[in-house]
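Trainee: Sharing a structure below in structure tokens format, with a few things to ask.
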Amino acid sequence: MLLTATRSAQAAAAGLAVQAEAKGLYYGAAVSAEHLQEQAFGDAVVRECDVVVPENALKWGATESRRGVPNYSDADQIAAFAATNHKRMRGHTLAWYRTTPGWLAAALTEPRGIEVLYSHIDAVVSRFRGRIFEWDVVNEAIEPKDNLDGGLRNTAYYKAGGEAYIAECFARAHAADPDARLVYNEYGLEYDSGNSERRRKATLQLLERLKARGAPVHGLGIQSHIKLGNPIDERRYAAFLRDVAGLGLTIRLTEFDVDDSDLTTAAPYRDAAVASYARQLLDIALDQPAVIGLMSWGLTDRYNWLDSASPRTDGDHHRSLPLDANYNRTPLWNAISQSLAAAPARSPR
Ligand code: G3I
Numbered sequence: 171m172l173l174t175a176t177r178s179a180q181a182a183a184a185g186l187a188v189q190a191e192a193k194g195l196y197y198g199a200a201v202s203a204e205h206l207q208e209q210a211f212g213d214a215v216v217r218e219c220d221v222v223v224p225e226n227a228l229k230w231g232a233t234e235s236r237r238g239v240p241n242y243s244d245a246d247q248i249a250a251f252a253a254t255n256h257k258r259m260r261g262h263t264l265a266w267y268r269t270t271p272g273w274l275a276a277a278l279t280e281p282r283g284i285e286v287l288y289s290h291i292d293a294v295v296s297r298f299r300g301r302i303f304e305w306d307v308v309n310e311a312i313e314p315k316d317n318l319d320g321g322l323r324n325t326a327y328y329k330a331g332g333e334a335y336i337a338e339c340f341a342r343a344h345a346a347d348p349d350a351r352l353v354y355n356e357y358g359l360e361y362d363s364g365n366s367e368r369r370r371k372a373t374l375q376l377l378e379r380l381k382a383r384g385a386p387v388h389g390l391g392i393q394s395h396i397k398l399g400n401p402i403d404e405r406r407y408a409a410f411l412r413d414v415a416g417l418g419l420t421i422r423l424t425e426f427d428v429d430d431s432d433l434t435t436a437a438p439y440r441d442a443a444v445a446s447y448a449r450q451l452l453d454i455a456l457d458q459p460a461v462i463g464l465m466s467w468g469l470t471d472r473y474n475w476l477d478s479a480s481p482r483t484d485g486d487h488h489r490s491l492p493l494d495a496n497y498n499r500t501p502l503w504n505a506i507s508q509s510l511a512a513a514p515a516r517s518p519r
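All residue numbers for the sequence shown refer to our numbering, where the first residue is 171 and numbers rise by one.
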């Protein structure tokens, strides 16, 4: 009886975006144009989100698979959905070493090859000027295991432009849309491990160098793909958030989900474990006033990238998102809702 009452109260509650907005935060999810065509998916986005981000549609490999022949059809569909439903759109992502067009590797090795990246940024950001309020400009430029100075990742962009490519990407994005908020996006920053600690240090130092050289970087995106079984370093994670905030930057969790691959218990136990692990992270993150947004990487377990990227060995689906495969709110939805309720209010930014 009590459980039924709790479930119906949960079903009737306002969407996560409304709850986030009451605290000065935004809430959103990664979407695809294809899924938005499904009425139930679109309705769920309208109910829960005030921000949408194309999961793949703005990646370079999607927008320019043939050099000089841009294709924005999926991104345009998502932008149209956002406009019709009074949602905002985040841009993901301009400079990422993965999901690039096949022709890019050779182009980057030409003399002044890095210019091709800057022209890409000019083109995409100016095309969506005024329609995308915030961009993940550079994504995943850190990899301490690559042993470069500053813990930078040894990508084709780095090889073509040295570290200076990162600041230049921000400068070009800013020139193309001076009103867009520009974000550096990174993963692997939460855990109690040497690897996470090196990643936190390298990320903070990169942001410091960008600020020191006057790059127009406004914030940090913390992807927040967390995996059950990895202990969160509460103290160092909170200190990292404070240090980033101390640089005058805002922070948002950009790709939040909980990978339950290694948990073999029955679904209700997995759901409870996912929810409590999520709450542990979110309570720390949302307590920091510089954190201004939260995005889930997908909205419903019906369409969950982890099912293909990291399939469970028992063949079951992942249960990592706030809505289940039938669009019902999950214990994870509750955890997000409770963390939002516990968060201090901040001025919307
Ligand atoms: O579009 C093709 C489709 O035509 C084909 O039938 C299908 C067969 O596998 O593949 C489809 O493309 C896949 C695409 O997802 C759409 O489903 C690509 O192979 C696959 O590589 C791509 O994976 C995406 C991945 O980034 C690489 O771009 C995931 O959906 C997406 O969730 C993931 O997102 C990244 C963020 O951008 C950055 N942070 C990490 C995060 C997770 O890896």
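Backbone N, C-alpha and C define an ideal beta-carbon position, used for all residues, glycine too.
Tell me the residue span of the alpha helix (DSSP H) that contains K371.
Mentor: 364 to 382
Trainee: Starting from the C-beta of G391, find all residues in its chain whose C-beta is less than 6 Å away, skip the five residues before and the five after it, and write them out in chain order.
Mentor: D306, V353, N355, R422, T424
Trainee: When you compare the region 325 to 336 with the region 393 to 403, are there three or more beta-carbon pairs, one atom per stretch, that lie closer than 8 Å?
Mentor: no
Trainee: With a threshold of 7 Å on Cβ separation, who are the neighbours of T434 within its own chain once the five nearest residues in sequence on each side are excluded?
Mentor: Exclusion of the five residues before and after T434 leaves D484 as the residues of its chain whose Cβ lies within less than 7 Å of its Cβ.
Trainee: According to DSSP, which residues form a beta bridge with L352?
Mentor: W305
Trainee: Pull up the distance between the alpha-carbon of T233 and that of S178, whole angstroms please.
Mentor: 43 Å
Trainee: Output the distance between the C-alpha atoms of A250 and N317, rounded to the nearest integer angstrom.
Mentor: Going by the C-alpha atoms only, they are around 43 Å apart.
Trainee: For a test of the three-state rule: what should DSSP assign to M171, helix, strand or coil?
Mentor: Since pLDDT at M171 reaches only 47, below the 50 mark, its modelled position is unreliable, and the value read off the structure follows with that caveat. Coil.
Trainee: Using only CA atoms, which one of W503, A214, H205 lies nearest to D441?
Mentor: Selected option, being the one with the closest Cα: W503.
Trainee: Report the residue from A408, S431, R236, A275 whose alpha carbon sits nearest the alpha carbon of S480.
Mentor: S431
Trainee: Helix, strand or coil: which one does DSSP assign to A265?
Mentor: strand
Trainee: Secondary structure at K527, three-state DSSP: helix, strand or coil?
Mentor: One cannot answer for residue 527 here, as it falls past the ends of the chain, which runs 171 to 519.
Trainee: Runs of 4 residues minimum, wholly inside the region 446 to 509: which ones carry the alpha helix (DSSP H) assignment?
Mentor: 475 to 479
Trainee: Residue ranges of each alpha helix (DSSP H) run of no fewer than 4 residues wholly in the region 268 to 332, ordered along the chain?
Mentor: Given a length threshold of 4 residues, each whole run of the alpha helix (DSSP H) inside the region 268 to 332 is given here in chain order: 274 to 278, 285 to 297, 326 to 331.
Trainee: Does the beta carbon of K397 fall short of 8 Å from some heavy atom of the ligand G3I?
Mentor: no
Trainee: Can you name the residues that DSSP bridges to F426?
Mentor: S466
Trainee: Could you name the residues of the same chain whose beta carbon sits closer than 7 Å to that of Q375, not counting the 5 residues immediately before and after it, in chain order?
Mentor: Excluding sequence positions up to five before and after Q375, its CB lies within less than 7 Å of the CB of G320, all in the same chain and listed in chain order.
Trainee: Looking only at its chain, what residues have a beta carbon closer than 6 Å to the beta carbon of G331, apart from the 5 residues adjacent to it on each side?
Mentor: Exclusion of the five residues before and after G331 leaves I284 as the residues of its chain whose Cβ lies within less than 6 Å of its Cβ.
Trainee: With DSSP as the reference, please indicate the residues paired to G391 in a beta bridge.
Mentor: N355, R422
Trainee: Measure from the alpha carbon of A265 to the alpha carbon of each residue in A345, G231, L451, V414, then state which is nearest.
Mentor: G231
Trainee: Give every residue of the same chain whose Cβ lies closer than 7 Å to the Cβ of N400, excluding the five residues on either side of it in the sequence, and list them in chain order.
Mentor: Y361
Trainee: On the CB-based measure, 16 or more other CB atoms within 10 Å of its CB, does Q207 come out buried or exposed?
Mentor: exposed
Trainee: Hey, quick one: how far does the beta strand (DSSP E) through A200 stretch, first residue to last?
Mentor: 196 to 201
Trainee: How far does the beta strand (DSSP E) with V239 in it extend, from its first residue to its last?
Mentor: For V239, there is no enclosing beta strand (DSSP E), as DSSP marks it with neither H nor E.
Trainee: With distances taken Cα to Cα, identify the nearest neighbour of G156 among D347, D457, L452.
Mentor: Nothing can be reported for residue 156, as the shown portion of the chain is limited to 171 through 519.
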